[in-house]
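> With positions in the sequence shown counted from 1, the corresponding number in our numbering is that position plus 1172.
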Amino acid sequence: MHVIIAENYEDGARKAADIIEKIVRDNPACTLGLATGSSPVGMYQELARRCREEGLDFSRVHSVNLDEYVGLEGTHDQSYRYFMNTNLFDHINIDKNNTYVAKGTGDVAENLKEFNAVLDRTDIDIQVLGVGPDGHLGFNEPGDTLYDGAHEETLEDSTIEANKRFFASKEDVPTHALTMGMGNIMRAKKLLMIISGNKQAAATKLLVEDKIDPHCPCTFMRMHRDATVVIEKKLADEIGYKG
Ligand code: GLP
1173 MHVIIAENYE DGARKAADII EKIVRDNPAC TLGLATGSSP VGMYQELARR CREEGLDFSR
1233 VHSVNLDEYV GLEGTHDQSY RYFMNTNLFD HINIDKNNTY VAKGTGDVAE NLKEFNAVLD
1293 RTDIDIQVLG VGPDGHLGFN EPGDTLYDGA HEETLEDSTI EANKRFFASK EDVPTHALTM
1353 GMGNIMRAKK LLMIISGNKQ AAATKLLVED KIDPHCPCTF MRMHRDATVV IEKKLADEIG
1413 YKG
């Protein structure tokens, strides 16, 4: 696992964008696995700038997203479909028909069937990841058992707490989500994790140690043969990581 220590958020966003840019330039018809959260927003802004100003071309790129809340329509401003549209897809020349975010409403079993079918026929060239404060990946919450394929998760209280800042009240935060499984994530050709801020300090400390712990799912990232983590210097200092 390769760890990049960025000077600050903007520097991390640029370094992460460099990695995605190389993949898109090398293979203009690549498939990007994308993630939501505040950590990748800067990278998405940088990719949009490069598309606008430097001709980075997304016209043949496909994408699939990590997860989606159960119960929110794609038009809801806290749904992950809405997040992806407003933070990235509306600002680059990607064809939205080539972007997939699991459906959060309707028949959950059918939605999962569709999500798994999409994942089964898709080779993800690079999967972008963030980390939850409890170490979750996508919405794979800590536990004795982790799952291979896309499935429904009941969100931990700490996850609901962390995400309530985006909703009017804690009661409005969905309690369930659909997520790629750990196997789907690990089968991506490359992994790119971006961690900003310090609410994931404990999980990041475990991640950079030599342990694989299902109670901190992000540590599975260590088993991937082509994984890069971008962390900010102040977080590296806080957890005593020197590289
Ligand atoms: C949510 C998403 C995760 C993401 C996490 C990190 O919980 N389901 O996939 O990794 O947020 O968010 P942030 O980047 O804001 O720390």
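All C-beta atoms, glycine included, are put in the ideal place defined by N, C-alpha and C. Bear in mind the structure is a predicted one, so any value in this text is a computation, not a measurement.
1) Since Val1242 and His1308 are thought to touch, with beta carbons under 8 Å apart, how far apart are those beta carbons, to the nearest angstrom?
2) Could you check which residue in His1174, Thr1376, Leu1291 and Gly1246 has the C-alpha nearest to that of Ile1411?
3) With Asn1356 and Leu1291 assumed to form a contact (beta carbons below 8 Å), what rounded beta-carbon distance in angstroms separates them?
4) If I follow the unbroken beta strand (DSSP E) through Val1401, where does it start and stop?
5) Kindly provide the ranges of any alpha helix (DSSP H) runs that are 4 or more residues long and lie completely inside the region 1322–1354, ordered along the chain.
6) Taking C-beta to C-beta, are Asn1288 and Met1354 nearer than 8 Å?
7) Ala1220 and His1248: beta carbons closer than 8 Å?
8) Looking only at its chain, what residues have a beta carbon closer than 8 Å to the beta carbon of Ile1367, apart from the 5 residues adjacent to it on each side?
9) For Thr1317, which residues of its own chain have a beta-carbon under 8 Å away from its beta-carbon, when the five flanking residues on both sides are left out?
10) Can the beta-carbon of His1396 be found less than 8 Å from the beta-carbon of Met1358?
11) Closer than 7 Å to a non-hydrogen atom of ligand 1 - does that hold for the CB of Ser1251?
12) Is it the case that the Cβ atoms of Met1365 and Gly1310 are separated by a distance below 8 Å?
13) Going by DSSP, what residue range makes up the beta strand (DSSP E) through Glu1240?
14) Please name the residue in Cys1202, Ala1188, Asn1237 and Gln1250 whose C-alpha comes closest to that of Phe1338.
15) Output needed for Asn1259: all residues of its chain with C-beta closer than 7 Å, excluding positions within five of it in sequence on either side, in chain order.
16) Confirm, please, whether the CB-CB distance from Arg1222 to Ala1201 is below 8 Å.
17) Considering only heavy atoms of ligand 1, does any lie closer than 7 Å to the CB of Ser1210?
18) Please classify Thr1271: does DSSP put it in a helix, a strand, or coil?
The relevant details are as follows:
1) Actually they do not touch by this definition, with Cβ atoms about 16 Å apart.
2) Thr1376
3) 5 Å
4) Ala1399 to Glu1404
5) 1329–1335
6) no
7) no
8) Ser1211, Gly1302, Val1303, Thr1376, Val1401, Val1402, Ile1403, Glu1404 and Leu1407
9) Pro1386
10) yes
11) no
12) no
13) Asp1239 to Tyr1241
14) Gln1250
15) Val1213 and Tyr1216
16) no
17) yes
18) strand
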